[in-house]
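**Q** The structure's right below; bear with me while I get my questions together.
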Amino acid sequence: MVAAEQANIVERRDDLHMDLQADGAIRVSNEDFTAIVQHIVSNAFKFSKSGTPVEVGFVRENDDYVLTVKDYGIGMTPEQVNAIGAYMQFDRLIREQQGSGLGLAIVRRLVELYEGDFTITSVPDDHTIVTVRLPHAT
Numbered sequence: 002m003v004a005a006e007q008a009n010i011v012e013r014r015d016d017l018h019m020d021l022q023a024d025g026a027i028r029v030s031n032e033d034f035t036a037i038v039q040h041i042v043s044n045a046f047k048f049s050k051s052g053t054p055v056e057v058g059f060v061r062e063n064d065d066y067v068l069t070v071k072d073y074g075i076g077m078t079p080e081q082v083n084a085i086g087a088y089m090q091f092d093r094l095i096r097e098q099q100g101s102g103l104g105l106a107i108v109r110r111l112v113e114l115y116e117g118d119f120t121i122t123s124v125p126d127d128h129t130i131v132t133v134r135l136p137h138a139t
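The sequence shown begins at 2 in our numbering and counts up one residue at a time.
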């Protein structure tokens, strides 16, 4: 599983908590779904401290599959959530994170291409929940 691979990369396997209750066909290519999960989970580990949980859930709700990733890290302000887009990094000098800043922008675009929903709820210095809702394959 992609989430477990990300946890192993950052040596935080014990921090990963998964609740995977869905099976069946999803209307997303394997490659794109892997990219979605990889970007979200990677961010969750990157912006939370070792020893804090990263919770990954995957359930089926009616005609949709819902992926949720919650971390207890630095969080984002509503302005930061609204500004997610290409090449966007928040407080790079303060947060000292490396990367292109494209991860969540890529996720948002992939989800839109598959006619899904992408939402982020966050409280600064407390937690972030990223939710991706994707349609069931017909």
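Built from N, CA and C at the ideal position, the CB exists for glycine as well.
From a predicted model like this one, the values you see are computed outputs, not experimental measurements.
Opposite residue 21 in the DSSP bridges: which residues?
**A** Position 20 of the sequence shown holds residue 21. BP columns for residue 21 point to 59.
**Q** Using the three-state DSSP reduction, which class does residue 48 fall into: helix, strand or coil?
**A** Indexing the sequence shown from 1 puts residue 48 at position 47. Reduced to three states, the DSSP call for residue 48 is coil.
**Q** I'd like the list of long-range same chain contacts for residue 94, defined as Cβ closer than 8 Å, with 5 residues on each side in sequence excluded.
**A** Locating residue 94 in the sequence shown gives position 93, where the first residue counts as 1. With a pLDDT of 43 at residue 94, under the threshold of 50, the predicted position of this residue should be treated as unreliable, though the coordinate-derived value follows. The answer is none, since no qualifying residue turns up.
**Q** What is the DSSP secondary structure of residue 64, reduced to helix, strand or coil?
**A** Taking the first residue of the sequence shown as 1, we reach residue 64 at position 63. Residue state, collapsed to three classes: coil.
**Q** In chain order, what residues of the same chain have a beta carbon less than 6 Å from the beta carbon of residue 126, not counting five sequence neighbours either side?
**A** Your numbering for residue 126 matches position 125 in the sequence shown. The answer, listed in chain order, is 76.
**Q** Can you find a C-beta in chain D that's less than 7 Å from the C-beta of residue 135?
**A** In the displayed structure, chain D is absent; only one protein chain is listed.
**Q** Out of curiosity, what's the CA-to-CA distance linking residue 66 and residue 117?
**A** Indexing the sequence shown from 1 puts residue 66 at position 65. Indexing the sequence shown from 1 puts residue 117 at position 116. About 9 Å.
**Q** Between which two residues does the alpha helix (DSSP H) containing residue 114 stretch?
**A** The residue you call residue 114 lines up with position 113 of the sequence shown. Start and end: 104-114.
**Q** Kindly indicate which three-state DSSP category residue 138 falls into: helix, strand or coil?
**A** Stepping through the sequence shown from its first residue, residue 138 is reached at position 137. Under the three-state reduction of DSSP, residue 138 is assigned to coil, being neither helix nor strand.
**Q** I'd like the list of long-range same chain contacts for residue 26, defined as Cβ closer than 6 Å, with 5 residues on each side in sequence excluded.
**A** Here residue 26 refers to the residue found at position 25 when the sequence shown is read from its first residue. Only 138 meet the Cβ criterion.
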